[in-house]
Each structure stands twice: as structure tokens, then as C-alpha cells.
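Counting along the sequence shown from 1, when you hit position 56 you're at 1154 in our numbering, and nothing is skipped either side.
Yeah, the Cβ is synthetic: ideal placement off N, Cα and C, and Gly gets one too.
None of these values were measured; they are calculated from a predicted model.
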Amino acid sequence: MPTKRAESTTTTRLRVTQVRSTIGGTAGQRNTVRSLGLKRIGDVVVKEDRPEIRGMVVTVAHLVSVEEVE
């Protein structure tokens, strides 16, 4: 029988800001930036801190800046 997880009252979020252009990057990098919800330099999105999002950020770390927010 599955056990219930204790739900956290504070969820960590990541504020992802695009700081560099995707021009000259690979198609995968452009797609990753777009999948994060970023369209142009200066765009900011707030995403849940999940392994999938962390992996996407690592892929395009040279194009974005990341801050943890609550």
C-alpha cells in the first residue's frame, strides 16, 4: 500500500532569466529555451524546482541566469 508523502508547505521555485541570444546555438538549445517559456533576452519565467527543469537549465546554462525563490 503506498504511503502518503508529507507535503511541504514551502515549494522552491526557480526564476529563470534569458540573458543571451539563442542565435548561433544548436537547435536543441533553441528548443530548450523555448520550452522553458523564454522568447527573447530579458524574459523571466518562474518554474517549479523539479529535476526536469534543472536539467533544461543545465543544458542552456550559458544563455540563462537562475535564482531560487520561494
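Residue i to residue j span [Cα, whole Å]
| i | j | result |
| --- | --- | --- |
| arginine 1118 | glutamate 1165 | 16 Å |
| valine 1158 | valine 1114 | 11 Å |
| valine 1155 | alanine 1125 | 15 Å |
| glutamine 1127 | aspartate 1141 | 16 Å |
Contact belief for residue i with residue j at Cβ below 8 Å, rounded distance in angstroms
| i | j | result |
| --- | --- | --- |
| arginine 1168 | arginine 1111 | Per the sequence presented here, residue 1168 reads as glutamate, with arginine not at that position. The Cβ separation is near 7 Å, so the contact holds. |
| valine 1143 | leucine 1136 | 6 Å |
| glutamate 1146 | threonine 1109 | 7 Å |
Residue i (DSSP reduced to helix, strand or coil)
| i | result |
| --- | --- |
| serine 1119 | coil |
| valine 1155 | helix |
| arginine 1111 | strand |
| glutamate 1150 | helix |
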